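Heads up: the sequence shown begins at 7 in the numbering used here, then just goes up one per residue.
The beta carbon of each residue, even a glycine, is placed where N, CA and C say it ideally should be.
Just so you know, these numbers come straight off a predicted model, no measurement behind them.
Since the structure comes first, as structure tokens, the remarks are kept for the end.
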Amino acid sequence: MSKKKRPSAAQRAKQSAKAAAREQRVRAEHRRTLIFAAVLLGLLIGLVIVAIVNSRDNDDAAAPPRANSSLVPSADHARGHEWDWVIETNRGDISIVLDGNTAPQAASVLLSLNQAGFFASTDCHRVRTEEPFFLQCGSPDGTAAGGPPYRFGPVENAPADNRYPAGSVVMVRSGDDEYSMGSQFFIVYEDSTIETADGRGYTVVGRVTAGLDIVRHVAEGGTITGASDGQPAQSVILTKVATA
Numbered sequence: 007m008s009k010k011k012r013p014s015a016a017q018r019a020k021q022s023a024k025a026a027a028r029e030q031r032v033r034a035e036h037r038r039t040l041i042f043a044a045v046l047l048g049l050l051i052g053l054v055i056v057a058i059v060n061s062r063d064n065d066d067a068a069a070p071p072r073a074n075s076s077l078v079p080s081a082d083h084a085r086g087h088e089w090d091w092v093i094e095t096n097r098g099d100i101s102i103v104l105d106g107n108t109a110p111q112a113a114s115v116l117l118s119l120n121q122a123g124f125f126a127s128t129d130c131h132r133v134r135t136e137e138p139f140f141l142q143c144g145s146p147d148g149t150a151a152g153g154p155p156y157r158f159g160p161v162e163n164a165p166a167d168n169r170y171p172a173g174s175v176v177m178v179r180s181g182d183d184e185y186s187m188g189s190q191f192f193i194v195y196e197d198s199t200i201e202t203a204d205g206r207g208y209t210v211v212g213r214v215t216a217g218l219d220i221v222r223h224v225a226e227g228g229t230i231t232g233a234s235d236g237q238p239a240q241s242v243i244l245t246k247v248a249t250a
């Protein structure tokens, strides 16, 4: 029976070096595989994000522009004209000019509502004594929730710098929806900056030509609670809106 020859120390060292080299090659190959997989995954994620963005852009491009319902009076009824209004209140008369040149849609709506007697015997239900400074009117039930059976848009004649001069007559809307205007408006009695969530501003439909002192006097009386924003302590009732 022959004995198996044992490798010498030099042979064992050589074999060990070869094994270590093989292990290093395997580890290097594994690292390269992981790096390649990570790069590939990153590319795939990027392609998915681009596809989603393009899909959204295409959806937006394909979506039809918003439009008013058939209930909303046509802007053509007011386009190119101005009207002198006298708002008769229990505090005195406030004269304004409705501007159908710059805000024909809003002017047309207000004219139509007034012809239907919409504003008679309504309260100005809100006053702000801190910036933005305004008196808000036009809610038929005095709760800020009422209005005509429709909402309309878009925003017209909004100042690019969000600065509304004293005397501006401005349509009320939800700050994130330009097609949410109804019957309510506010009268700015001191220069004010007013911003909206969607950045589109508010429609300036007219300007006060006389009686702004009445609005300021109401604002000086504050709110019924003493807060800077709320129901005026001095009630303001619109008894009639007449064309001068």
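Beta-carbon to beta-carbon, residue 142 and residue 192 are separated by about 4 Å, close enough to satisfy the 8 Å threshold. Approximately 20 Å separates the beta-carbon atoms of residue 82 and residue 103; this is outside 8 Å, ruling out the contact.
Within its own chain, the residues whose Cβ lies closer than 6 Å to the Cβ of residue 210, once the five positions on either side in sequence are excluded, are 163, 174 and 176, listed in chain order.
Looking at 74, 218, 125 and 146, the one whose alpha-carbon comes closest to that of residue 172 is 218. Distance between residue 132 and residue 72, taken at the CA atoms: about 30 Å. Scanning 232, 78, 159 and 88 for the CA closest to the CA of residue 182 turns up 159.
When rounded, the separation of the alpha-carbon atoms in residue 135 and residue 223 is 11 Å.
Only exposed fits residue 230, as fewer than 16 other CB atoms lie within 10 angstroms of its CB. Counting along the chain, residue 220 sits inside the alpha helix (DSSP H) bounded by residues 218-226. Looking only at 213, 126, 203 and 139, the smallest Cα-Cα distance to residue 226 is reached by 139.
Nearest to residue 247 by alpha-carbon distance, out of 208, 194, 121 and 206, is 121. In chain order, 145 and 146 place their CB closer than 7 Å to the CB of residue 152, counting only its own chain and leaving out the 5 sequence neighbours on each side.
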